[in-house]
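If you're matching positions, the sequence shown starts at 0 in numbering that gives the first Met the number 0 and goes up one per residue. Don't be surprised by glycine CBs; every beta carbon is placed ideally from N, CA and C. Below is one structure, written out as structure tokens; the observations come after it.
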Amino acid sequence: MNHAVSFEPQFQSEEAAYAFVENRLWPDGPVCPHCGNKEKIGKLNGKATRIGLYKCYVCLKQFTVKIGTIFEDSHLPLRLWLQAIYHVCASKKGVSSNQLHRTLGITLKSAWFMSHRIREAMRNGNLSPFGGNGGTVESDETFLWNDPEKPVKRGYAHKNKILSLVDRESGEARSMVIDDVTAKTIVPILKENIAREARVMTDDAGQYRFLGEEFADHGTVAHSLGEYISLADPSIHTNTVEGFFSIFKRGMKGVYQHCAKKHMHRYLAEFDFRYSNRVAKGIDDSDRAKKLLDGVVGKRLTYETTH
Ligand SMILES: [Zn+2]
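What follows is the structure in structure tokens.
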């Protein structure tokens, strides 16, 4: 965190941290998480009262803004959560649990738990298809590390496989772990995530051969022949999604070194989130951290599910 940013009040005082999160999650004032009431709510301000405690005078229950979010059940101060979120959002390649542990002065176990929850908040529930209104979507796969469940052989069968889509117009990335790179696996995923009226750009791999039947247009570059931009039509290429892969791989290899296959979707969500909210789109580090707060609701993650 740079010097000026680290002195912002939400990183310094617990009261300011609560106020910061409340502003983002309750733009129109507090909402009771138990009954949904927005009208008859009082802030409890007694000397022995916990910070950020409210009482609902409809259901008579008490609550704070942490209820129903990734912060619920955490004993770590909210200002440390906000610091961690800022670090993860501001770094290009991610922040390891070890780094959070040292920077925030919390245990390694807490740091690990925190980073998984933050990644969960980055997972966006947006399932609307890419490439609406005839936009262009690039699709490609990459391989990362060995899948311990598969015997090591020649080729890529034993590697973890990742499919990413980038919508050129919105600049968003959407990635997933896939079992294999056959047409049978990939085509249904593309049909689910890409609008029919889209132009789809891929390389000349066999799994993409019949895509032209599914979408308005299908452009291919013959990577197998060393072609990276079509000479006939320079809009035909997959350089955007390959750029995304290079950021993803640099981060995964440099910062995280290893992650179990069952956690990989969370790391993908992290890289998708940062890419989709990147500086080139006019989103700075603080905006990105604020945007992440929108995703903290409804993402409670128990300790067990993160193992
Ligand atoms: Zn209530």
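| Check | Outcome |
| --- | --- |
| Examine ligand 1 and report whether any of its heavy atoms sits within less than 6 Å of the Cβ of Val30. | no |
| Scan the segment 93-126 and note each continuous alpha helix (DSSP H) run of 4 residues or more that stays entirely inside, going in chain order. | 96-103, 107-121 |
| Are the segment 166-175 and the segment 202-222 in contact at 8 Å, needing three or more beta carbon pairs? | no |
| Could you work out which residue in Arg198, Ile228, Gly250 is closest to Phe214 when comparing CA atoms only? | Arg198 |
| From Asp27, Pro26, Gln9, Val151, pick the residue whose C-alpha is nearest to that of Phe19; which is it? | Gln9 |
| Could you check the C-alpha separation between Asn159 and Tyr266 for me, to the nearest Å? | 13 Å |
| Taking a contact to mean a Cβ-Cβ separation below 7 Å, would you say Val220 touches Ser229 in this structure? | yes |
| Could you check which residue in Ile246, Asn123, Ser285 has the C-alpha nearest to that of Phe272? | Asn123 |
| Counting only the same chain and skipping the five closest in sequence on each side, list residues whose C-beta sits under 7 Å from that of Ser109. | Leu75 |
| Please state the DSSP three-state secondary structure of Gly211. | helix |
| Classify Thr301 as buried or exposed, calling it buried when 16 or more other Cβ atoms lie within 10 Å of its own Cβ. | Residue confidence for Thr301 is low, a pLDDT of 48 falling below 50, so the modelled location carries little weight; the figure read from the coordinates is stated next. So Thr301 ends up on the exposed side. |
| Check whether the Cβ of Val57 sits closer than 6 Å to any heavy atom of ligand 1, and report yes or no. | yes |
| Please classify Thr305: does DSSP put it in a helix, a strand, or coil? | Any reading at Thr305 is ruled out, since the residue's pLDDT is 44, under 50, leaving its predicted position unreliable. |
| Nearest to Arg208 by alpha carbon, out of Asn145, Glu226, Gly225, Val180? | Val180 |
| From which residue to which residue does the beta strand (DSSP E) around Asp308 run? | The chain is shown from 0 up to 306; residue 308 falls before or after that span and cannot be answered. |
| Since Ser174 sits in a beta bridge, which residues does DSSP pair it with? | Ser163 |
| Tell me, to the nearest whole angstrom, how far the beta carbon of Gly28 is from that of Lys37; I am working on the premise that it is less than 8 Å. | 6 Å |
| With Tyr274 as the anchor, note down where its beta strand (DSSP E) starts and where it stops. | Where Tyr274 is concerned, there is no enclosing beta strand (DSSP E), although the alpha helix (DSSP H) it sits in stretches over 263-275. |
| Please report the residue range of the alpha helix (DSSP H) in which Asn192 lies. | 182-192 |
| Can you give me the start and stop residues for the beta strand (DSSP E) that Gly41 sits inside? | 40-42 |
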